[in-house]
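>
Residue numbers (this note's numbering): 126 to 301.
#1: Do the CB positions of residue 132 and residue 184 come within less than 8 Å of each other?
#2: If you reduce the DSSP assignment to three classes, tell me which class residue 158 lands in.
#3: For a minimum of 4 consecutive residues, which ranges assigned as the alpha helix (DSSP H) are wholly contained in the stretch 142–213?
#4: I'd like the span of the alpha helix (DSSP H) that includes residue 127, first residue to last.
#5: With DSSP collapsed to three states, give me the class of residue 231.
#6: Helix or strand or just coil, what does DSSP make of residue 349?
#7: Return the chain-ordered list of same chain residues with a C-beta closer than 6 Å to the C-beta of residue 172, the five sequence neighbours on each side being excluded.
#8: Quick check: what's the CA-CA separation for residue 154 versus residue 179?
#9: If you draw a straight line from the alpha carbon of residue 227 to that of residue 128, how long is it in whole angstroms?
#10: Below 8 Å on the Cβ atoms is my guess for residue 136 versus residue 188; work out the distance and round it to an integer in Å.
#11: With a cut-off of 8 Å, do at least 3 Cβ pairs link the stretch 241–251 to the stretch 195–215?
#12: Does DSSP classify residue 136 as helix, strand or coil?
#13: When you compare the CB positions of residue 211 and residue 193, do they come within less than 8 Å of one another, or not?
#14: Take the Cβ of residue 163 as the centre, count every other Cβ of all protein chains shown within 10 Å, and call the residue buried at 16 or more, exposed below.
#15: Do residue 139 and residue 191 have their CB atoms nearer than 8 Å?
#16: How would you call residue 167, buried or exposed, if buried means at least 16 neighbouring beta carbons within 10 angstroms?
#17: Could you pull out every residue in the same chain whose Cβ sits closer than 7 Å to the Cβ of residue 235, ignoring the five residues on either side in sequence?
#18: DSSP three-state label for residue 244, please.
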């Protein structure tokens with residue numbers, strides 16, 4: 126299958142991206158600090174510090190996403206919960222960065238972002254959903270007492286209820 130190799134590739138590329146984003150923002154922060162120039166009246170020290178903090182935050186974000194992809198590759202199970210949310214958000218970020226790359230940087234960077242987006246989407250959708258009781262379909266539980274008939278009966282039932290309707294009306298609301 127392609128699931129594990131895709132997860133390994135996503136993990137490695139996201140780790141490289143984490144280092145690249147953190148390093149790029151750190152270098153840009155140092156350049157702003159060395160030039161000592163103001164942009165629209167902003168303090169150069171604040172811009173430098175903001176660039177460095179932003180680089181660290183986004184680097185940690187991509188590293189955390191890479192860790193989730195690495196765990197998916199090692200365990201060969203689909204991501205769940207926060208890990209799935211992180212990978213979905215990473216896919217959205219790559220889509221947005223791809224649009225920015227197309228307009229500002231060039232086609233090569235756009236292509237890289239779209240390939241990364243495709244790998245993240247493949248990682249997210251390549252695992253089958255688990256088959257369990259929830260996948261079997263809805264059942265009539267018959268209220269808080271439990272089901273009226275065993276769940277394994279597959280024969281069609283005769284219409285029952287008021288007027289031959291197969292549906293039973295909901296209980297009347299009560300007042301406190």
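We treat Cβ as the ideally placed atom computed from N, Cα and C, and that holds for glycine.
Quick caveat, the model's predicted, so the values are computed rather than measured.
This is what the structure gives:
#1: no
#2: helix
#3: 169–200
#4: Unbroken run through residue 127: none, as it is neither H nor E.
#5: Coil at residue 231, not helix or strand.
#6: Residue 349 lies beyond the range of the chain shown here (126 to 301); nothing can be said about it.
#7: The beta carbon of residue 172 sits closer than 6 Å to those of 157, all from its chain and outside the five residues before and after it, given in chain order.
#8: 10 Å
#9: 29 Å
#10: Actually they are not in contact, since the Cβ atoms of residue 136 and residue 188 sit about 10 Å apart, beyond 8 Å.
#11: yes
#12: helix
#13: yes
#14: exposed
#15: yes
#16: exposed
#17: Only 223, 226 and 227 meet the Cβ criterion.
#18: helix
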